[in-house]
Each structure stands twice: as structure tokens, then as C-alpha cells.
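Notes follow once the structure below has been shown.
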Amino acid sequence: MNLLATLAIFSISCIAGGYSACDEGFCENDATCCPARYPSAWSCCEYPNGVCCEDLKHCCPEGTECDLKSRLCYPKMRLDVSNLLTSPLPKEVGEDDGPPTSILQCDKSSYCLNDATCCLKGNGKYGCCPYRHAQCCGEYCCRAGEKCGSSSLYCIREDGERVPASSQFPSI
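Read left to right, the sequence shown gives residues -20 to -1, 1 to 152 (mature numbering (1 follows the signal peptide of the UniProt record, and there is no 0)).
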């Protein structure tokens, strides 16, 4: 019930003109400050300009949105690849047959946005990690240069620091 009250207060404050930012320096580096579950409490999202999720416990990278039901981050703009493939624009002279530059082809029927990494999951389907050259870790992923932790829920940076792994979003 306390969470419901906190969500209501948070929603009202956002509608009334936004919530006040946390103290400068509260979050390190480029992390995004997000409201926490208790009034006047804050948490740090590892993503620069991250999206704070409504559950006040999770966040997503910039340009994505939270889907609390699936616990994944989805791109805000979903491309309809089937239209691109069945109704192509007329080709220019000398143009190659490759996929559009804004789409990364994982296999014959799976695509990710170009700034993502295709990750083959245990079920044989592809997911998309929101980083280029990412390290795939089961249902999660880590940035380039990081290693998957033993639980795949954490990434280990080169300096040994553990950071939360990112959720993959479904391929299109």
C-alpha cells in the first residue's frame, strides 16, 4: 500500500510540474537520478539521460521505455520491418541489396536497431542489447569491455566494479 501511495504522489508531482532533482553529485559520472520508493529519496540509474521506470526500482537507456510486465526496455519507436521488406522503394543505380542502414540484421527474420547488438538467446531467438559491440549474457547484456557476472544480472567492469546488467529488448 505504501508503494501505491508513493506512486500516486510521484505521479501528481510529475503532472504538477516535475519532481525536484536530487542533490548535485548524488549520482556518479553520467548516471541519471531517479526518484526512489520513499518521498525525498533517490536512486541512481547507470544510464546517461536514463528513463526512470514507474515501479521506482528500475530504469532503461535513453530512447527506450519501461515494460514492467516483461521487465524489458523497448525502443520508443518500433519499426515495421515487414513493410520495409515487402514494399521497398525503387533502387538507385549502383545501390546494393543490403538492409537499410538504420537496421541491423541478426538472421533472416530478426533485426535490431543499428546502435544495438544482436544477442542469440537460449530459446534460439534474437534479442537486442541497447549498446554497440555488447557482451551478451543470457537475457541480459553488458557494455563493450565489460564481462558477464556469474548470475548474468551483473557486469564486471575492467576495474572489477560490478554494475547491473542491461535488459535486452526483443528483435523486430
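Backbone N, C-alpha and C define an ideal beta-carbon position, used for all residues, glycine too.
Quantities reported herein were computed from a predicted structural model and do not represent experimental measurements.
Under 9 Å, do residue i and residue j count as touching if we go by C-beta distance?
i: Pro150; j: Tyr27; result: no
i: Tyr134; j: Cys121; result: no
i: Ile83; j: Ile136; result: no
i: Gly118; j: Gly102; result: yes
i: Ser132; j: Ala145; result: yes
Please list, in chain order, all residues of the same chain as residue i whose beta carbon is under 8 Å from its beta carbon, the five residues on each side excluded.
i: Arg51; result: His38 and Ser147
Apart from the five residues on each side of it in sequence, which residues of its chain come closer than 6 Å, Cβ to Cβ, to residue i?
i: Cys46; result: Cys33 and Cys40
Might you give, ordered along the chain, the residues of its own chain that have their beta carbon closer than 7 Å to the beta carbon of residue i, omitting 5 neighbours on each side?
i: Cys2; result: Cys13 and Trp22
i: Cys25; result: Ala11, Thr12, Cys14, Cys32 and Cys39
i: Asp95; result: Arg112
i: Asp43; result: At residue 43 the sequence reads Gly, which differs from the Asp that was named. Excluding sequence neighbours, Gly43 sits near Pro55 and Lys56.
i: Val143; result: Glu26, Tyr134, Cys135 and Arg137
If you run the structure through DSSP and keep just helix, strand and coil, what is residue i?
i: Gln85; result: strand
i: Glu26; result: coil
i: Pro41; result: coil
i: Cys33; result: coil
i: Phe6; result: coil
i: Asp47; result: strand
i: Ser147; result: strand
Considering only the alpha carbon of each residue, which of the options lies closest to residue i?
i: Asp35; options: Lys49, Asn29, Thr44 and Lys101; result: Lys49
i: Asn29; options: Pro19, Cys98, Cys7 and Tyr106; result: Cys7
i: Gly107; options: Cys98, Lys56, Gln115 and Gly129; result: Cys98
i: Cys128; options: Asn94, Gln115 and Asp95; result: Gln115
Continuous beta strand (DSSP E) assignments of at least 3 residues falling wholly in the segment 97 to 143: Taken in chain order, the whole beta strand (DSSP E) runs of length 3 or more contained in the segment 97 to 143 are 97 to 100, 106 to 109, 115 to 117, 120 to 122 and 134 to 136.
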